[in-house]
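Asks: Mind having a look at this structure? Questions to follow.
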Amino acid sequence: NAGVTQTPKFQVLKTGQSMTLQCAQDMNHEYMSWYRQDPGMGLRLIHYSVGAGITDQGEVPNGYNVSRSTTEDFPLRLLSAAPSQTSVYFCASSPLLGQGYEQYFGPGTRLTVT
Amino acid sequence: ELKVEQNPLFLSMQEGKNYTIYCNYSTTSDRLYWYRQDPGKSLESLFVLLSNGAVKQEGRLMASLDTKARLSTLHITAAVHDLSATYFCAARVPGNQFYFGTGTSLTVIP
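So the sequences go chain by chain: C and A.
Using my numbering, the first residue of the first sequence is number 79, and each one after it goes up by one.
Using my numbering, the first residue of the second sequence is number 11, and each one after it goes up by one.
Right, dumping it as structure tokens:
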């Protein structure tokens with residue numbers, strides 16, 4: 079049982095490049111989400127999903143796309159990277175019902191855009 | 011949009027002392043979470059509070075929720091060095107969006 083996994087751990091991009099951050103969970107959780115963490119600002123929700131085929135925007139969705147084709151995977155795509163997207167990205171999952179509704183976070187991806 | 015305010019932002023406390031971190035949120039929320047984050051690490055779930063008057067305790071940490079006042083507290087009893095970390099509260103609004111506070115950086119000094 080690996081929990082929530084994220085790849086890569088570190089990434090450096092040039093402005094304008096695109097990339098996909100991977101997130102997978104093996105707990106059969108319906109809910110998955112992406113956050114970014116910037117110094118002094120806590121975590122902010124980018125996109126979330128309540129099940130395969132269902133996604134929605136969070137607080138800061140601009141510049142990011144997501145899809146959810148399976149319960150396990152929830153990739154985050156940066157379409158054209160900008161320096162303002164330099165941040166630490168966390169993926170999280172949780173059940174929608176029962177089990178205390180606890181959110182489980184992945185180890186994070188540290189992204190630098192130059 | 012829900013606003014979550016934590017205070018204090020920075021807390022330096024002596025070992026053995028007690029202190030409370032406060033988390034205020036601006037609109038109705040149906041779940042309140044507390045997390046711990048060590049430097050360079052991910053977030054670890056501490057507590058999930060689901061109803062008014064809920065109180066949960068784990069070791070030297072106790073969390074409570076007052077939904078009428080839109081206030082949650084994280085109380086630290088007899089602090090030890092191992093509790094040094096950043097603590098976040100987060101509130102969920104109906105519709106599955108979560109809003110985090112800016113965090114409280116706790117340093118416990120001998």
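Note that beta-carbon positions come from the ideal geometry of N, C-alpha and C, so glycine has one too.
1) How do the segment 106-117 of chain C and the segment 86-105 of chain A stand: do at least 3 beta-carbon pairs fall below 8 Å, yes or no?
2) For chain A, find out if any of its Cβ atoms is closer than 7 Å to the Cβ of V166(C); answer yes or no.
3) Given that S61(A) touches chain C, what residues does it touch there, using C-beta distances under 8 Å?
4) Give the straight-line distance between the Cα atoms of E180(C) and Q47(A), rounded to the nearest whole angstrom.
5) Is the beta carbon of F113(C) less than 7 Å from the beta carbon of F152(C)?
6) Under a Cβ-count criterion, where at least 16 other Cβ atoms within 10 Å of its own Cβ denotes burial, should L174(C) be classed as buried or exposed?
7) Kindly examine the ligand FAD and report whether one of its heavy atoms sits closer than 6 Å to the Cβ of N17(A).
8) Can you tell me whether DSSP reads Q181(C) as helix, strand or coil?
9) With contact counted as at least three CB pairs below 8 Å, one residue from each stretch, are the segment 115-123 of chain C and the segment 20-27 of chain A in contact?
Replies: Quick answer:
1) With a cut-off of 8 Å on Cβ pairs, the segment 106-117 of chain C is not in contact with the segment 86-105 of chain A, counting fewer than three such pairs.
2) no
3) The contacting residues do not exist; S61(A) stays about 12 Å from chain C at best.
4) 15 Å
5) For the record, residue 113(C) in the displayed sequence is Tyr; it is not Phe. Going by C-beta atoms, Y113(C) is not nearer than 7 Å to F152(C).
6) So L174(C) counts as exposed.
7) With respect to the ligand FAD, the structure shown offers nothing to examine, as it has no ligands at all.
8) Looking at Q181(C) - three-state DSSP - the assignment turns out to be coil, as it is neither helix nor strand.
9) no
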